[in-house]
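Peer 1: Per the numbering used here, the sequence shown starts with residue 806, numbered consecutively. Here it is, the structure, as structure tokens.
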Amino acid sequence: MRLSRYFLPVLKEDPKEAQIVSHRLMLRAGMIKQQSAGIYSWLPLGFKVLRRIEQIVHEEQIRAGHIPLLMPTLQSADLWRESGRYDDYGEEMLRIKDRHKRDLLYGPTNEEMITDIFRSHVNSYKDLPLTLYHIQWKFRDEIRPRFGVMRGREFLMKDGYNFDLTKEDALHAYNRHLVSYLRSYERMGLQAIPMRADGGPIGGDYTHEFLVLAETGESEVFYDSQITDLTFGDRQIDYDDHAECQAVLEEFTSRYARTDETHDEAIFADVPEDRRRTARGIEVGQIFYFGTKYSEPLGATVVGPDGARVPVHMGSHGIGVSRLLGAIIEANHDDKGIIWPEGVTPFHVGIVNLKQGDASTDSACTALYDEMVKNGLQPLYDDRDERAGAKFATMDLIGLPWRITVGPRGLASNKVELTNRRSGETVEMSPAEAVVRLADIYAPVLAAALPTV
Ligand code: ATP
Ligand code: MG
806 MRLSRYFLPV LKEDPKEAQI VSHRLMLRAG MIKQQSAGIY SWLPLGFKVL RRIEQIVHEE
866 QIRAGHIPLL MPTLQSADLW RESGRYDDYG EEMLRIKDRH KRDLLYGPTN EEMITDIFRS
926 HVNSYKDLPL TLYHIQWKFR DEIRPRFGVM RGREFLMKDG YNFDLTKEDA LHAYNRHLVS
986 YLRSYERMGL QAIPMRADGG PIGGDYTHEF LVLAETGESE VFYDSQITDL TFGDRQIDYD
1046 DHAECQAVLE EFTSRYARTD ETHDEAIFAD VPEDRRRTAR GIEVGQIFYF GTKYSEPLGA
1106 TVVGPDGARV PVHMGSHGIG VSRLLGAIIE ANHDDKGIIW PEGVTPFHVG IVNLKQGDAS
1166 TDSACTALYD EMVKNGLQPL YDDRDERAGA KFATMDLIGL PWRITVGPRG LASNKVELTN
1226 RRSGETVEMS PAEAVVRLAD IYAPVLAAAL PTV
């Protein structure tokens, strides 16, 4: 993309309404525009990152054997009356009437609807296990929407639902979700720690929230510092292997890590004092096993092996796709702006032309651009007639992990500069070497992608 042809409405001044850094930077970098409280337009740069995150989530769900579909945002109130949640949900639910005075609602979540799909089409235990998910906009009329996309009213969520014959199978589905979530967050350059969460009215141990540590997080968390040493990395996993998935769950959840809702001082005291940490965290996902809570009232049953009908065991599992942009920025920024992890960056590299209009510098930039595209890279070429300082400031603000600076002086000896956004380190090399270097850097990111979703 050439910056002169793009739409990147960066702001010079700090917007007053932003209380936290990610919100401020998303506005300044021209990623979002607020349309009403907690409701945003996604401008091109923000939309690109949102799509990258969505893509990673899709890929890791599909890798785990989960099946994408798409349910509508508007739902009929009748389904929610069947489960009993229409009255229980309270003011967070946006209720709508159509012209025939029928009650609709803008879905805050989809347990009822997916259970309805299941009961309409699945009849036998032989069709299990089954996990369906979608990535769709949700609406929750939050009492205090704030912090930009972190706590919106309309927000994008991945929500997945597993259907299994037995509790044991459903817990395996729970473990698959845990593993696929660990992989997803790591690909986004984030450490999200599974913490034991509150089961709500259903109770039980089978729910974990994934938290990114950040001072601006809304949750208070308590953990054993050893847990921050764990990474999933690029290990291979067989998602059908119950023992393998269970082992990952145990590895990542056996140390103390809880949100304030489930925190227990007496157990925490058993963690050696020098490893006890109290911090704040951003919830970027949650997994949940809830047994037959919805399948019973909604009649989602299958014919079991012995011929009798039984309600299926279910769980639901969510990732806050739009909130993740805020969380990633909270964890990756400096005074100058955003620093995107390579897995989610909107463009792989920025090209800064120091002497726009100079024929040989312009053609060197164009050649570099074309070579990068040929190598599967997506560059953003700042070809505006601007001072170098202004171009650098824009690149720093929007946070591309790499920048190539091209000017007549360097070109005289066939050199350009490659600068790392995070470290600020600059290395001189030929344009051809810069392309090879960047192709190498991004090879794992490009290879991690599944060919189709
Ligand atoms: P919270 O406790 O933050 O209100 P929740 O526990 O009610 O969230 P879930 O139902 O678990 O949310 O939804 C799954 C994920 O969706 C959450 O982990 C979070 O990342 C994201 N999410 C929930 N509410 C919002 C919101 N208002 N704005 C943006 N993302 C949200
Ligand atoms: Mg939650």
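Where is the CB? At the ideal position from N, CA and C, for every residue including glycine.
1) Pick out whichever of 818, 856, 943, 939 has its Cα sitting closest to the Cα of residue 843.
2) Between the stretch 930-941 and the stretch 866-879, are three or more C-beta pairs nearer than 8 Å?
3) Please indicate yes or no: does the CB of residue 866 lie closer than 7 Å to some heavy atom of the ligand ATP?
4) Between residue 976 and residue 1204, what straight-line distance do the alpha-carbon atoms span, to the nearest angstrom?
5) What's the gap between the Cα of residue 1079 and the Cα of residue 1073?
6) Could you tell me which of 1126, 1169, 955, 1161 sits nearest to residue 856, measuring between CA atoms?
7) Run the proximity test for residue 955: is its beta-carbon closer than 7 Å to any non-hydrogen atom belonging to the ligand ATP?
8) Which of the three DSSP states, helix, strand or coil, is assigned to residue 1070?
9) Please determine whether the Cβ atom of residue 945 lies at a distance below 7 Å from any heavy atom of the ligand ATP.
10) What beta strand (DSSP E) runs, 3 residues minimum, are completely inside the stretch 876-925?
11) Could you check how far apart the C-beta atoms of residue 1105 and residue 1117 are, in whole angstroms? I think they sit under 8 Å.
12) Restricting to runs no shorter than 3 residues, where is the beta strand (DSSP E) found entirely within the stretch 835-860?
13) Looking at the structure shown, is residue 979 part of a helix, part of a strand, or coil, going by DSSP?
14) With respect to 7 Å, is the separation between the Cβ of residue 812 and the closest non-hydrogen atom of the ligand ATP below this value?
15) Using 7 Å as the cut-off, classify the Cβ of residue 1127 as near or not near the heavy atoms of the ligand ATP, replying yes or no.
16) With a CB to CB cut of under 7 Å and the five nearest residues on each side skipped, what residues in its chain are close to residue 1255?
17) Is the beta carbon of residue 915 less than 8 Å from the beta carbon of residue 1119?
18) When burial is assigned at 16 or more other CB atoms within 10 Å of the CB, is residue 812 buried or exposed?
19) Between the beta-carbon of residue 1029 and the beta-carbon of residue 1076, is there less than 8 Å?
20) Which residues in the same chain as residue 1084 place their Cβ atom closer than 6 Å to its Cβ, once the five residues preceding and following it in sequence are excluded?
21) At 4 residues or longer, and completely inside the stretch 1094-1140: list those alpha helix (DSSP H) runs for me, N to C.
22) Could you tell me whether the Cβ atoms of residue 1142 and residue 1208 are closer together than 8 Å?
23) For residue 1134, which residues from the same chain have a beta carbon less than 6 Å from its beta carbon, with the 5 sequence-adjacent residues on both sides left out?
24) Closer than 6 Å by C-beta to residue 1251: which residues in its own chain qualify, once you throw out the five before and the five after it? Chain order, please.
25) Hey, could you find the ends of the beta strand (DSSP E) residue 1259 is sitting in?
26) Please classify residue 955: does DSSP put it in a helix, a strand, or coil?
27) On a Cα-Cα basis, can you pick out the residue from 898, 1011, 1039, 1107 that is closest to residue 911?
28) Among 987, 1132, 1045, which residue has its Cα nearest to the Cα of residue 1039?
29) I want to check one thing, is the minimum distance from the CB of residue 1091 to the heavy atoms of the ligand ATP below 7 Å?
30) Does the Cβ of residue 1240 have 16 or more other Cβ atoms within 10 Å, making it buried, or fewer, making it exposed?
31) Classify residue 980: buried if its beta carbon has 16 or more other beta carbons within 10 angstroms, exposed otherwise.
32) Going by DSSP, what residue range makes up the beta strand (DSSP E) through residue 1012?
33) Near residue 851, which residues of its chain fall below 6 Å by C-beta distance, leaving aside the five closest residues on each side in sequence?
34) If residue 1233 sits next to residue 1215, beta carbons under 8 Å apart, how far is it from one beta carbon to the other, in whole angstroms?
Peer 2: In terms of the structure at hand:
1) Indexing the sequence shown from 1 puts residue 843 at position 38. The residue with the shortest Cα to Cα distance from residue 843 is 943.
2) yes
3) The residue given as residue 866 occupies position 61 in the sequence shown. Answer for residue 866: no, Cβ out of range of the ligand ATP.
4) Here residue 976 refers to the residue found at position 171 of the sequence shown. Here residue 1204 refers to the residue found at position 399 of the sequence shown. Our two residues, residue 976 and residue 1204, have alpha carbons roughly 40 Å apart in a direct line.
5) Your numbering for residue 1079 matches position 274 in the sequence shown. Your numbering for residue 1073 matches position 268 in the sequence shown. Those two C-alpha atoms are separated by around 12 Å.
6) Taking the first residue of the sequence shown as 1, we reach residue 856 at position 51. When each option's Cα is compared against that of residue 856, the closest is 1126.
7) In the sequence shown, counting from the first residue as 1, residue 955 sits at position 150. Yes, Cβ of residue 955 sits closer than 7 Å to a heavy atom of the ligand ATP.
8) As a working mapping, residue 1070 is identified with position 265 in the sequence shown. Helix.
9) Against the sequence shown, residue 945 aligns to sequence position 140. Because some heavy atom of the ligand ATP lies under 7 Å away, the Cβ of residue 945 counts as near it: yes.
10) DSSP runs (the beta strand (DSSP E)) wholly in the stretch 876-925: 879-881, 899-902, 908-911.
11) As a first step, residue 1105 must be located in the sequence shown, where it is residue number 300. As a first step, residue 1117 must be located in the sequence shown, where it is residue number 312. About 5 Å; that satisfies the 8 Å criterion.
12) 837-841, 844-847
13) As a working note, residue 979 is residue 174 in the sequence shown. It is helical.
14) By one-based count along the sequence shown, residue 812 stands at place 7. Placement of the Cβ of residue 812 at a distance of 7 Å or more from every heavy atom of the ligand ATP is found.
15) Within the sequence shown, residue 1127 is the residue found at index 322, counting from 1. Residue 1127: yes, Cβ under 7 Å from the ligand ATP.
16) Mapped onto the sequence shown, residue 1255 falls at position 450. Closer than 7 Å at Cβ, skipping near neighbours: 864, 867, 868.
17) To locate residue 915, count along the sequence shown from 1; it is residue 110. To locate residue 1119, count along the sequence shown from 1; it is residue 314. No, these two residues do not count as a Cβ contact at 8 Å.
18) As a working mapping, residue 812 is identified with position 7 in the sequence shown. Residue 812 comes out exposed.
19) Residue mapping note: residue 1029 aligns to position 224 of the sequence shown, counting from 1. Residue mapping note: residue 1076 aligns to position 271 of the sequence shown, counting from 1. A contact, by the Cβ cut-off of 8 Å.
20) For the purposes of this step, residue 1084 is taken as the residue at position 279 of the sequence shown. Closer than 6 Å at the Cβ level, and outside the excluded window around residue 1084, lie 1018, 1026.
21) 1100-1103, 1126-1136
22) Residue numbering aside, residue 1142 sits at position 337 when the sequence shown is read from its first letter. Residue numbering aside, residue 1208 sits at position 403 when the sequence shown is read from its first letter. Going by C-beta atoms, residue 1142 is not nearer than 8 Å to residue 1208.
23) Here the question's residue 1134 lines up with position 329 in the sequence shown. The answer, listed in chain order, is 827, 830, 1143.
24) The residue you call residue 1251 lines up with position 446 of the sequence shown. For residue 1251, where only same-chain residues beyond five positions count, the Cβ hits under 6 Å are 1181.
25) The structure shown does not extend to residue 1259, since the chain is modelled only from 806 to 1258, so the question has no answer here.
26) On the sequence shown, position 150 is the one that residue 955 refers to. Three-state result, residue 955: helix.
27) Working through the sequence shown from its first residue, we reach residue 911 at position 106. Ranking 898, 1011, 1039, 1107 by Cα distance to residue 911 puts 898 first.
28) The residue labelled residue 1039 in the question sits at position 234 within the sequence shown. Ranking the options by Cα distance to residue 1039, first place goes to 987.
29) The count along the sequence shown starts at 1 and reaches residue 1091 at position 286. Yes, the ligand ATP has a heavy atom inside 7 Å of this Cβ.
30) Taking the sequence shown and counting its residues from 1, the one referred to as residue 1240 is at position 435. So residue 1240 ends up on the buried side.
31) Along the sequence shown, one-based indexing puts residue 980 at 175. Label assigned to residue 980: buried.
32) On the sequence shown, position 207 is the one that residue 1012 refers to. It spans 1012-1018 - the beta strand (DSSP E) in which residue 1012 sits, taken as one unbroken run.
33) The residue given as residue 851 occupies position 46 in the sequence shown. These residues qualify, in order along the chain: 836, 837.
34) Here residue 1233 corresponds to residue number 428 of the sequence shown, with the count starting at 1. Here residue 1215 corresponds to residue number 410 of the sequence shown, with the count starting at 1. Residue 1233 to residue 1215, Cβ: 7 Å. Contact.
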